[in-house]
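Colleague: Would you mind keeping the following structure in view while I ask a few things?
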Amino acid sequence: MGKEIANAFKEIGLAFKDGGFKTRISYLFLGLGQILRGQWLKGISFLALEAGFIFYMIKYGVSYLSKLRTLGDVETHKEGRITVYGDNSFLILLFGVLTIIIIFAFIFLWWLNIHDNYEMDRFAKIGKPLKTNKQVFMSLFDSNFDKTLLFLPMAGIFIFTVLPIIFMICVAFTNYDKNHQAPTNLFTWVGLENFQKIINFGSAGFGSTFFRVLGWTLVWAFFATFIDYFLGLAVAILINKKGVKFKKLWRTILVLTIAVPQFVSLLYVMKLFANDGLINGWLLKLHLISSPIQFWVNPVLARITIIGVNVWIGIPYLMLIATGLLMNIPEDLYESAKIDGATGWQMFKSITLPYMLFVTGPFLLTQFTNNLNNFNVIFLLTQGKPQSMSLANNAGSTDLLVTWLYKMTVNETNYRMAAVIGIMVFIVTAVVSLVVYNMLPSVKDEEGFQ
Amino acid sequence: MKKKLLSIMLAGAMVVSLAACGGNGGDTPAATDSDATEETTEEATEEGGEEEEEFKTETVGDDGIKIWVADNVVDFTKEQASAWQDANPEFKDFKIVVEAVGEGDAAGHMITDVQAGADIYVFAQDQIARLVTSGALEEVNPDAVDEVKSANDEGSVKAATVGDKLYAYPITSDNGYFLYYDKSVVKDPSTLEGILKDCESAGKNFYMEINSGWYQTAFFFGTGAKLEYTTDDSGAFTGCDCTYASDQGVKALKAMIAVNSSSAFQNGSSIGEATNVGAIVDGTWDADGCKEVFGDNYACAKLPTFTVDGETFQMSGFGGYKLLGVKPQTAEEKLAACDSLAAWLSNGDTQLARYKAVSWGPSNKEAQASSEVKADEALTALGEQLKYTIPQGQYPGDYWDLAVSLGDSVRQGEIKADASDADLLETLKTFQQTCESYAQ
Amino acid sequence: MKASRTASNIVAYIILVLISIIWLFPFVGIVLQSFRSYRPEVEYGGMVDYLIPKTFSLDNYRFLFSSQTNFVKWYGNTIIIALVVAVIQTIIVLCVSYALSRMRFKGRTLLMRFWLILGMFPGFLTMICLYFLLKQFGLTQAGAVPGLILVSCASSGMGYYVCKGFFDTIPKSLDEAARLDGASRARIFLTMTIPMSKPIIIYTALVAFMGPWCDYVFASYVAFGHDESYNVAVGMTRWVWTNDYQGYFTRFCAGGVLVAIPVTILFMALQRYYVEGVTGGAVKG
Numbered sequence: 007m008g009k010e011i012a013n014a015f016k017e018i019g020l021a022f023k024d025g026g027f028k029t030r031i032s033y034l035f036l037g038l039g040q041i042l043r044g045q046w047l048k049g050i051s052f053l054a055l056e057a058g059f060i061f062y063m064i065k066y067g068v069s070y071l072s073k074l075r076t077l078g079d080v081e082t083h084k085e086g087r088i089t090v091y092g093d094n095s096f097l098i099l100l101f102g103v104l105t106i107i108i109i110f111a112f113i114f115l116w117w118l119n120i121h122d123n124y125e126m127d128r129f130a131k132i133g134k135p136l137k138t139n140k141q142v143f144m145s146l147f148d149s150n151f152d153k154t155l156l157f158l159p160m161a162g163i164f165i166f167t168v169l170p171i172i173f174m175i176c177v178a179f180t181n182y183d184k185n186h187q188a189p190t191n192l193f194t195w196v197g198l199e200n201f202q203k204i205i206n207f208g209s210a211g212f213g214s215t216f217f218r219v220l221g222w223t224l225v226w227a228f229f230a231t232f233i234d235y236f237l238g239l240a241v242a243i244l245i246n247k248k249g250v251k252f253k254k255l256w257r258t259i260l261v262l263t264i265a266v267p268q269f270v271s272l273l274y275v276m277k278l279f280a281n282d283g284l285i286n287g288w289l290l291k292l293h294l295i296s297s298p299i300q301f302w303v304n305p306v307l308a309r310i311t312i313i314g315v316n317v318w319i320g321i322p323y324l325m326l327i328a329t330g331l332l333m334n335i336p337e338d339l340y341e342s343a344k345i346d347g348a349t350g351w352q353m354f355k356s357i358t359l360p361y362m363l364f365v366t367g368p369f370l371l372t373q374f375t376n377n378l379n380n381f382n383v384i385f386l387l388t389q390g391k392p393q394s395m396s397l398a399n400n401a402g403s404t405d406l407l408v409t410w411l412y413k414m415t416v417n418e419t420n421y422r423m424a425a426v427i428g429i430m431v432f433i434v435t436a437v438v439s440l441v442v443y444n445m446l447p448s449v450k451d452e453e454g455f456q
Numbered sequence: 005m006k007k008k009l010l011s012i013m014l015a016g017a018m019v020v021s022l023a024a025c026g027g028n029g030g031d032t033p034a035a036t037d038s039d040a041t042e043e044t045t046e047e048a049t050e051e052g053g054e055e056e057e058e059f060k061t062e063t064v065g066d067d068g069i070k071i072w073v074a075d076n077v078v079d080f081t082k083e084q085a086s087a088w089q090d091a092n093p094e095f096k097d098f099k100i101v102v103e104a105v106g107e108g109d110a111a112g113h114m115i116t117d118v119q120a121g122a123d124i125y126v127f128a129q130d131q132i133a134r135l136v137t138s139g140a141l142e143e144v145n146p147d148a149v150d151e152v153k154s155a156n157d158e159g160s161v162k163a164a165t166v167g168d169k170l171y172a173y174p175i176t177s178d179n180g181y182f183l184y185y186d187k188s189v190v191k192d193p194s195t196l197e198g199i200l201k202d203c204e205s206a207g208k209n210f211y212m213e214i215n216s217g218w219y220q221t222a223f224f225f226g227t228g229a230k231l232e233y234t235t236d237d238s239g240a241f242t243g244c245d246c247t248y249a250s251d252q253g254v255k256a257l258k259a260m261i262a263v264n265s266s267s268a269f270q271n272g273s274s275i276g277e278a279t280n281v282g283a284i285v286d287g288t289w290d291a292d293g294c295k296e297v298f299g300d301n302y303a304c305a306k307l308p309t310f311t312v313d314g315e316t317f318q319m320s321g322f323g324g325y326k327l328l329g330v331k332p333q334t335a336e337e338k339l340a341a342c343d344s345l346a347a348w349l350s351n352g353d354t355q356l357a358r359y360k361a362v363s364w365g366p367s368n369k370e371a372q373a374s375s376e377v378k379a380d381e382a383l384t385a386l387g388e389q390l391k392y393t394i395p396q397g398q399y400p401g402d403y404w405d406l407a408v409s410l411g412d413s414v415r416q417g418e419i420k421a422d423a424s425d426a427d428l429l430e431t432l433k434t435f436q437q438t439c440e441s442y443a444q
Numbered sequence: 016m017k018a019s020r021t022a023s024n025i026v027a028y029i030i031l032v033l034i035s036i037i038w039l040f041p042f043v044g045i046v047l048q049s050f051r052s053y054r055p056e057v058e059y060g061g062m063v064d065y066l067i068p069k070t071f072s073l074d075n076y077r078f079l080f081s082s083q084t085n086f087v088k089w090y091g092n093t094i095i096i097a098l099v100v101a102v103i104q105t106i107i108v109l110c111v112s113y114a115l116s117r118m119r120f121k122g123r124t125l126l127m128r129f130w131l132i133l134g135m136f137p138g139f140l141t142m143i144c145l146y147f148l149l150k151q152f153g154l155t156q157a158g159a160v161p162g163l164i165l166v167s168c169a170s171s172g173m174g175y176y177v178c179k180g181f182f183d184t185i186p187k188s189l190d191e192a193a194r195l196d197g198a199s200r201a202r203i204f205l206t207m208t209i210p211m212s213k214p215i216i217i218y219t220a221l222v223a224f225m226g227p228w229c230d231y232v233f234a235s236y237v238a239f240g241h242d243e244s245y246n247v248a249v250g251m252t253r254w255v256w257t258n259d260y261q262g263y264f265t266r267f268c269a270g271g272v273l274v275a276i277p278v279t280i281l282f283m284a285l286q287r288y289y290v291e292g293v294t295g296g297a298v299k300g
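As you go down the protein sequences, you meet chains U, D and Z in turn.
Counted the way our numbering counts, the first sequence spans residues 7 to 456.
Counted the way our numbering counts, the second sequence spans residues 5 to 444.
Counted the way our numbering counts, the third sequence spans residues 16 to 300.
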């Protein structure tokens with residue numbers, strides 16, 4: 007990587023030294039070299055991009071960049087009773103970041119332009135003909151088809167994923183919260199203050215709460231992944247069992263949970279388990295209990311109930327997957343095991359399970375990381391509650407880091423801490439993924455079962 | 005049209021620039037992605053600039069007024085707004101849009117994005133300090149301040165004041181709570197212990213939302229504990245007067261624990277969500293729902309008394325208000341229109357009409373004195389209760405969250421039923437310290 | 016031998032019936048609630064402690080289609096979003112998958128790794144930023160429907176795994192043979208690869224179509240304060256979550272039934288492809 011960049015720099019110098027007039031003029035006017043060589047298709051697009059860049063910088067870029075260091079200093083004020091809005095720190099930060107990226111991208115474009123000219127110079131020296139405009143254009147549907155295919159998706163990902171993520175990482179270093187809310191109030195850089203708060207175990211800090219929420223997030227992801235996995239496998243084996251009829255019916259019943267939107271089904275399930283819900287009501291009427299079971303109130307019970315309800319959601323997926331995979335296990339493996347006198351359980355232990363674990367290893371990892379961020383189940387069932395005096399900042403016993411982050415964003419507009427939590431979620435996910443990925447049997451031993 | 009042209013141009017630019025990256029055969033270097041990226045970002049920003057203007061004229065124009073009210077008063081508000089335009093022909097060109105955004109959501113949305121928020125909106129008073137801090141409330145027109153202050157009851161004016169500036173127009177004085185009950189279940193609604201016993205023996209539920217900072221104060225203020233904040237003009241909290249960590253506080257907490265240990269107790273304050281109800285602590289907004297649920301046995305009363313360690317206290321609580329706010333404006337004429345419309349929507353006649361339409365108890369003194377309002381059962385019960393309550397001042401948002409934690413700790417048994425007074429005091433000390441830390 | 020087989024089958028059936036009851040119960044509950052009238056003179060629309068309504072009525076459904084609510088509008092919005100997202104997202108996923116599976120270009124692995132890393136950031140982190148970005152384009156509140164479509168489609172390129180896994184299984188020799196005959200990449204993609212990918216196209220479109228029906232969080236953030244551009248999830252959850260609406264529970268259930276119908280029918284009809292997709296995806300990881 008470093009070498010490539012060094013080479014690129016070297017090329018800039020070499021091209022200027024060796025290149026002709028057409029190459030040199032394109033150092034200033036991008037694409038002019040190409041136009042002079044008759045490559046107007048490429049040339050005009052380079053030139054148009056340069057014009058666009060200059061226009062952008064003059065109209066927006068420079069002013070945003072100049073304010074980026076302070077994130078604005080003109081306060082919102084009143085003229086009579088009329089409000090005059092000052093600088094908008096939010097937009098300054100957003101477009102400031104964007105401008106920096108655009109500048110880098112332009113430098114790259116500039117280099118690309120030089121590279122292209124330099125290459126045409128060399129082609130001219132050895133007498134190789136240049137491509138016609140038509141050929142250049144048509145290459146977009148053949149040798150350069152990848153660029154055509156990837157252009158829009160990458161543009162979309164850049165604007166709606168990359169840019170916002172960079173922006174939010176920046177927010178983690180500002181004091182953007184309810185007291186510094188754009189457009190009325192300015193916010194500014196505060197360095198590492200927010201990160202200190204998250205690991206501060208004092209009364210004003212988030213430390214102990216953060217680690218408790220993190221702990222539950224990991225526990226939850228573990229149970230949600232593996233309980234669902236094994237139960238799903240069990241149900242799949244049960245339905246696949248020889249002699250069980252109406253296989254399709256059983257599957258269809260289970261699969262309903264995937265088809266019905268969760269905001270409907272989970273809200274109903276939440277009401278079912280409430281202290282005054284149907285389940286408690288029936289148990290009370292039957293005199294099986296004397297006071298309601300505190301499904302959502304008791305922290306331990308709430309966690310168990312959530313994991314239980316998640317089984318309800320998760321089994322159908324796992325059942326479908328397992329059903330598909332079970333069919334791939336060569337029948338003769340079982341046959342020969344039977345001849346050796348193996349029981350059903352032995353066959354499961356030594357054939358089915360190892361095969362499944364091997365094949366679905368990476369999938370389990372993805373499931374695990376998805377569960378770390380499993381917002382819907384928690385949010386629709388408990389919204390993180392029950393809360394407790396021993397947890398800071400509105401966190402509840404069933405809160406995952408993501409639901410906590412959501413509450414901070416929406417209820418408290420505490421964007422600065424939400425950004426920090428978001429970065430922490432990223433770190434946790436990345437660490438777990440890296441560690442587990444390297445432990446996977448299918449990664450260690452690519453041939454394995456295949 | 006402009007948009008269409010722009011998009012055609014963009015599409016053209018895209019193809020051309022793709023050709024540019026195409027280069028000479030397949031040998032363009034690694035990071036083509038960032039090249040493509042760069043180009044789109046420019047598009048994005050240019051387009052952004054372009055369309056921003058359009059957006060402004062489309063939705064938040066200076067010639068339209070957007071109002072947010074709860075769903076059940078949308079029609080009423082529309083009627084009143086057009087009556088206002090008929091009476092004030094100078095404002096007849098304003099296009100008025102009324103959207104159903106309830107009091108709970110309105111404040112949150114206003115804070116998220118003031119500029120996209122409503123010009124006039126209704127909110128519950130507990131949000132006012134937050135709204136002032138984030139610049140979502142304009143002060144009441146100085147010319148109208150005296151009139152608003154004299155026309156509405158004292159508590160509602162206090163609720164609409166932050167520091168010493170009046171920031172909103174009171175429209176109701178009924179944001180307090182009292183007891184609805186089923187006459188056939190609860191024989192004597194005057195003591196909490198009696199209500200719980202009646203409910204237990206009838207197998208019915210008693211609802212009170214003890215994990216809410218709003219309802220909790222029924223106990224704490226009842227025993228004489230105090231919690232009050234002072235703010236400056238900008239809505240920042242400057243002082244906190246809290247005496248929860250005291251004997252009174254401990255007694256109140258014990259009462260909460262006792263309620264929680266009853267098998268009839270359910271946490272909640274919303275009649276639509278409640279099942280098998282014997283009695284519920286709720287407000288006037290649920291009066292119709294309660295009438296439906298209790299049918300012929302519908303009854304309401306002030307809150308009961310409760311007894312701790314042989315001492316009996318009357319339940320207290322907050323008397324709260326709904327307020328109407330105007331967003332800070334950037335155009336003179338629109339501000340004048342908003343001021344005028346807000347004054348209209350909150351004046352005595354409108355309040356009375358609103359009471360007739362949806363039974364919201366007025367804050368306007370004349371409207372309160374009218375015979376219809378005086379005859380209202382629920383409002384009478386509330387009136388009884390208000391004698392024992394404290395007009396709700398300003399509280400920081402964090403307080404409400406903290407109170408949920410306290411309530412949940414009681415509900416889940418983290419604060420144990422047999423805890424010693426010293427342990428309870430310890431918990432309340434933490435609570436009090438945290439409350440105090442919200443004020444700088 | 017036979018007796019024990021029968022016995023174990025009976026046990027299996029018992030377990031399956033139990034499972035079916037547990038899995039169906041909430042749906043039966045929702046359907047039953049939806050037939051309980053909300054009008055006081057008939058029955059009651061809030062929470063009750065019994066399951067089967069005393070009288071069956073269609074009042075809730077009548078309400079949903081009346082002018083008292085914008086439900087039909089919300090439903091229409093959701094269908095539009097779901098359809099458009101399904102189409103665009105499928106196209107994007109196919110393009111990305113083909114490029115990553117078939118073409119070898121510089122930075123390919125780097126790009127895949129970069130996207131993998133991006134995926135590790137929680138989605139809600141960027142909500143506020145996305146909101147203001149969309150606002151710059153005028154695509155919030157009144158323009159929330161196209162805004163939501165844009166956001167759902169924009170990042171869909173990162174969900175290429177399953178589809179790329181499928182393309183990887185199509186023999187490359189087919190491509191090479193066609194290239195020798197002079198076909199361009201684009202031609203191969205459009206006339207050979209796509210027609211062979213029917214199952215994966217259906218899978219991708221199905222998953223994309225189902226997503227918007229559940230989108231509450233971001234949709235409520237983008238559309239706030241503009242009833243006309245809510246989707247069903249945003250519009251309906253207010254009935255159970257905010258105090259402004261008392262006794263709307265049965266209406267919520269009725270709405271839920273109507274929401275579930277198209278998705279369920281579609282899902283049941285295309286279940287085969289879905290299974291193929293998730294199974295393939297699980298193996299590829």
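For each residue, glycine too, the CB sits at the ideal point set by N, CA and C.
Considering only the alpha carbon of each residue, which of E158(D), A120(D), V144(D) lies closest to Q156(Z)?
Modeller: A120(D)
Colleague: Opposite L327(D) in the DSSP bridges: which residues?
Modeller: F127(D), P174(D)
Colleague: Could you work out which residues of chain D lie near P55(Z), taking near to mean beta carbons separated by less than 7 angstroms?
Modeller: E296
Colleague: What residue range is occupied by the uninterrupted beta strand (DSSP E) comprising Y211(D)?
Modeller: Per DSSP, Y211(D) belongs to the beta strand (DSSP E) from 209 to 211.
Colleague: For the structure I just gave you, are there three or more beta carbon pairs, one from the region 224 to 231 of chain D and one from the region 274 to 291 of chain D, closer than 8 angstroms?
Modeller: no
Colleague: I'd like to know whether the C-beta of Q457(U) is nearer than 8 angstroms to at least one C-beta of chain D.
Modeller: One cannot answer for residue 457(U) here, as it falls past the ends of chain U, which runs 7 to 456.
Colleague: Could you give the distance in angstroms between the alpha-carbon of I175(U) and the alpha-carbon of L327(D)?
Modeller: 38 angstroms
Colleague: Looking at the C-beta of T252(Z), does it have a partner C-beta in chain D at a distance below 8 angstroms?
Modeller: no
Colleague: Y91(U) versus chain Z: which residues are under 8 angstroms apart at the beta carbon?
Modeller: In chain order: nothing, as chain Z lies at least about 15 angstroms away.
Colleague: Looking at the unbroken alpha helix (DSSP H) that takes in T105(U), where does it start and where does it end?
Modeller: 95 to 132
Colleague: Which residues, in chain order, does the region 338 to 357 of chain D contribute to contact with chain U at a C-beta distance below 8 angstroms?
Modeller: L339
Colleague: Give me the DSSP bridge partner(s) of G68(D).
Modeller: K99(D)
Colleague: The beta strand (DSSP E) spanning G243(D) covers which residue range?
Modeller: 241 to 246
Colleague: Between which two residues does the beta strand (DSSP E) carrying A305(D) extend?
Modeller: 302 to 305
Colleague: Under 9 angstroms Cβ-Cβ, which residues of chain Z neighbour D234(U)?
Modeller: The contacting residues do not exist; D234(U) stays about 13 angstroms from chain Z at best.
Colleague: From V161(D) to Q129(D), what distance separates their C-alpha atoms?
Modeller: 11 angstroms
Colleague: Between Y113(Z) and T208(Z), which are expected to be in contact by the criterion C-beta below 8 angstroms, what is the C-beta distance as a whole number of angstroms?
Modeller: 6 angstroms
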